[in-house]
Amino acid sequence: MSQQQPTTLVHLETPHDDQSVKDMMKKDSRNLYLLSEAIKGVESDQSVDNVMIKDSINLNDFITGIGGSNVVLMLEKRLTKTDVTMSQGRLLTPKVQMKNDGFLTEDEESKLQKKAIEVCVFDLKRRKSTMGIWWMHKRETYMFKMGWNQVVDANVMKENMIYRSPLPFTEIDALSHDIETNRLSFPCKFHLVYVDLDHSRSESKANFEKLGFMVSSYMSMFDGNCLPGTCGDKYTVSVSLDSGVLRHGDFEEILKNDEVVDEYLGSVLGRGGVGSGMEFKVVAERVAEMFVEVFVRGVKEEGSVEGEFMPVGADGRMVLSFNLLNADPRDWVYDWDFNEVDEKLLSPTLEALSPIANISVESQVLYHTPKSSYSYWDAEQESYVFSTKNLPFFVNSNEWHLDTSIAAGGRSKILQFVVYIPSADESPLRLQLPNGEISMTNGFISPTWGGVVVLNPNNSLDNEDSLHPLRRKLSPQELNQVFEVFMGQLRQLFGLKSTGFYKSAFGTITLLGSERGFSQWELDALARQHARYNLHQCGTTLGSLSRLVQSLPRMIIKDEIGKQVKFSLEAAKLAKENASQGFYDASVAASRHARSLAEDAFFHPSVMSVSYYSFEHMFAVYSPFFLPLSLHLILAVVREIKRYRQESRKYAAWIGLGKPHSD
127 MSQQQPTTLV
137 HLETPHDDQS
147 VKDMMKKDSR
157 NLYLLSEAIK
167 GVESDQSVDN
177 VMIKDSINLN
187 DFITGIGGSN
197 VVLMLEKRLT
207 KTDVTMSQGR
217 LLTPKVQMKN
227 DGFLTEDEES
237 KLQKKAIEVC
247 VFDLKRRKST
257 MGIWWMHKRE
267 TYMFKMGWNQ
277 VVDANVMKEN
287 MIYRSPLPFT
297 EIDALSHDIE
307 TNRLSFPCKF
317 HLVYVDLDHS
327 RSESKANFEK
337 LGFMVSSYMS
347 MFDGNCLPGT
357 CGDKYTVSVS
367 LDSGVLRHGD
377 FEEILKNDEV
387 VDEYLGSVLG
397 RGGVGSGMEF
407 KVVAERVAEM
417 FVEVFVRGVK
427 EEGSVEGEFM
437 PVGADGRMVL
447 SFNLLNADPR
457 DWVYDWDFNE
467 VDEKLLSPTL
477 EALSPIANIS
487 VESQVLYHTP
497 KSSYSYWDAE
507 QESYVFSTKN
517 LPFFVNSNEW
527 HLDTSIAAGG
537 RSKILQFVVY
547 IPSADESPLR
557 LQLPNGEISM
567 TNGFISPTWG
577 GVVVLNPNNS
587 LDNEDSLHPL
597 RRKLSPQELN
607 QVFEVFMGQL
617 RQLFGLKSTG
627 FYKSAFGTIT
637 LLGSERGFSQ
647 WELDALARQH
657 ARYNLHQCGT
667 TLGSLSRLVQ
677 SLPRMIIKDE
687 IGKQVKFSLE
697 AAKLAKENAS
707 QGFYDASVAA
717 SRHARSLAED
727 AFFHPSVMSV
737 SYYSFEHMFA
747 VYSPFFLPLS
757 LHLILAVVRE
767 IKRYRQESRK
777 YAAWIGLGKP
787 HSD
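Written out as structure tokens, the structure reads:
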């Protein structure tokens with residue numbers, strides 16, 4: 127059966143005290159029906175609030191306006207050829223296909239078998255027809271007649287008609303082209319505090335204004351400011367004057383001599399004094415490098431992940447799953463108070479990252495979870511050592527049942543954070559770095575998967591004489607130690623450095639951290655990066671959906687898909703507007719929503735069923751069945767053709783020699 131325009135009937139039970147509605151029907155009529163196009167998300171017992179008729183009037187309001195109540199979805203049917211043929215003039219629906227066939231009383235069912243009960247069928251033009259019942263092959267079939275042709279004609283229903291919610295192909299192409307050709311830039315504002323060593327001099331103001339101009343000029347020379355998702359040329363540099371910090375103590379003597387001031391600046395910058403103008407230039411270069419390479423680009427970890435390897439899922443969600451693993455509970459059993467951890471240690475971080483991702487947290491404690499590879503005893507370290515070259519074999523996928531999250535089957539990203547408690551047979555356990563040194567954090571990360579921290583039990587614990595395992599809860603100090611490492615691992619998974627150090631051409635710079643785990647400038651850099659990537663993915667996904675829909679003209683496009691595409695385009699437009707105005711949090715939140723809606727539209731079940739059921743798919747499925755049979759048929763036909771030609775030649779030769787005459 128071909129896919130035609132869907133028809134939906136909604137049963138409305140009217141209140142008996144509403145005389146205005148009763149006047150619309152005959153004596154035996156208490157049922158109303160609404161005929162509409164492509165109702166969103168048709169499911170049994172669905173909420174009527176989600177059902178909209180074509181002119182966008184809420185169905186609930188419409189029913190209330192005519193005195194109806196108790197709306198129940200009855201039927202969704204794809205119109206067949208006989209349903210839209212004028213000579214037939216009726217709509218057939220088997221009773222077994224009704225989603226809710228208990229809407230008639232026994233008396234009404236009895237009357238239906240003898241005569242038709244008049245009902246009201248509201249189409250887009252409020253046309254009215256009559257419903258009856260028809261016996262066909264001992265199966266009850268509801269039949270609309272007496273006016274159905276007017277319904278078909280008024281709604282232009284045709285054979286093989288496909289309902290396709292109109293998609294804004296022009297807007298989709300414009301968005302995709304704009305994202306591909308125009309680099310998304312965010313306006314950035316930089317503020318430099320100029321410490322004047324002699325604020326009484328008249329040229330102080332000119333000096334810090336000159337410094338701001340020089341910093342702005344040097345910033346344009348760095349390639350890092352030309353990358354997508356950065357400031358581009360949309361940045362401003364402001365400078366303020368502050369001399370209060372250096373107006374006491376030994377600095378009084380420094381302020382008296384310009385050459386001494388230059389020498390002091392040189393010592394601060396790690397260089398020797400080379401003249402007042404040169405030192406001023408060095409300051410401007412160093413500040414410009416800091417602004418571009420640190421605050422604009424973010425201090426990236428070498429080899430950090432990008433693009434599809436970001437820890438945020440396509441739906442804008444991510445799950446942080448924290449696991450406490452007891453390798454051998456026969457030795458000791460560790461537990462933790464995770465609620466306290468979540469409240470005190472994780473809440474500030476989750477709040478800081480909320481514009482970038484919708485983050486949820488889970489936790490569990492597992493037992494009998496040995497690692498996949500063995501360590502060796504190192505007498506010098508007095509511990510068991512596990513080399514980092516064997517880290518791929520540390521995670522035991524067969525024994526570590528970590529993927530128990532309800533989000534594991536969706537499009538959300540799950541990051542696993544594991545606290546591994548080794549058994550007594552390999553405790554203490556240390557991780558050895560490639561250079562031979564022992565890891566200070568005793569942990570490691572796996573990009574896009576998560577991180578592991580090895581926590582060794584206290585050496586004072588001795589449970590050899592006991593028949594029962596030693597039970598212990600992680601102390602607040604141990605939890606702080608572990609989650610400090612986890613915070614550094616989370617930063618690395620987001621592409622940032624685990625520590626606040628930046629190595630420049632002028633030396634190592636220490637960057638101030640935050641108790642939330644992410645500084646504000648780091649959050650700004652992440653917001654710009656994720657907003658750009660989300661918009662790029664949104665444009666790519668909508669472009670793919672547009673090409674798919676246009677290549678399959680007989681593909682049904684539900685209204686739900688059309689609304690998702692529309693809202694995705696609106697969210698993408700809002701994200702670009704917020705980005706142009708420098709609202710980073712609002713921009714990344716809107717871009718996340720735009721990408722999620724685009725993904726929902728592209729991966730809609732109705733789209734997937736068509737896109738994966740192509741002609742090539744059918745050929746691959748059915749050719750193993752029909753190809754052997756076809757081969758035998760072809761060979762048989764070839765043999766028959768050869769035999770026919772041979773017999774034809776024999777007959778022609780016999781005719782040419784002449785028939786023998788009888789005596």
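Using my numbering, read the sequence shown as starting at 127 and increasing by one per residue.
For every residue, glycine included, the Cβ atom is placed at its ideal position computed from N, Cα and C.
These numbers were taken from a predicted model, which means no experiment stands behind them.
Hey, quick one: how far does the alpha helix (DSSP H) through residue i stretch, first residue to last?
i	result
Glu508	Neither: Glu508 is in no alpha helix (DSSP H) and is coded neither H nor E.
Gly669	646-677
Asp726	710-728
Leu301	295-307
Thr475	473-479
Give the secondary structure of residue i by DSSP, where H, G and I count as helix, E and B as strand, and everything else as coil.
i	result
Leu94	Only positions 127 to 789 of the chain appear in this structure, which leaves residue 94 out of reach.
Leu596	strand
Gln558	strand
Glu266	strand
Trp458	strand
Asn452	strand
Tyr777	helix
Met345	helix
Ile682	coil
Met744	helix
Met200	strand
Ala410	helix
Arg642	coil
Lys271	strand
Gln772	helix
Ile165	Residue placement at Ile165 cannot be trusted, given a pLDDT of 31 that sits under 50; what the coordinates show is reported in the next sentence. Three-state DSSP puts Ile165 in coil, outside helix and strand.
Arg423	coil
Leu755	helix
Arg290	strand
Gln131	Caution applies to Gln131, whose pLDDT of 38 falls short of 50 and renders its modelled position unreliable; the model cannot decide the point.
Residues bridged to residue i by DSSP?
i	result
Glu488	Ser447
Ile564	Gln558
Ser366	Val319
Ser513	Gln558
Cys314	Tyr361
Leu619	None, per the DSSP bridge assignment.
Checking 9 Å against the spacing of the C-beta atoms, do residue i and residue j come in under that value?
i	j	result
Met269	Val210	no
Asn452	His494	yes
Phe316	Ser364	yes
Arg556	Val580	yes
Asp569	Gln507	Contrary to the premise, residue 569 reads as Gly rather than Asp in this sequence. Not closer than 9 Å, so no.
Ser499	Ser523	no
Ser717	Leu661	yes
Leu310	Ala697	no
Tyr344	Cys314	no
Pro573	Val459	no
Val487	Leu476	yes
Ala701	Ser713	yes
Ala414	Val341	yes
Ser291	Lys689	yes
Asp461	Asp551	no
Locate the beta strand (DSSP E) running through residue i, then write down its first and last residues.
i	result
Gln542	539-547
Ile571	569-572
Thr219	217-220
Val579	576-580
Using a 10 Å radius around the Cβ and a threshold of 16 neighbouring Cβ atoms, would you call residue i buried or exposed?
i	result
His527	exposed
Asp650	buried
Ile298	buried
Arg597	exposed
Val747	exposed
Leu759	exposed
Gln707	exposed
Val764	exposed
Pro560	exposed
Phe620	buried
Ala778	exposed
Ile564	exposed
Leu205	buried
Leu695	buried
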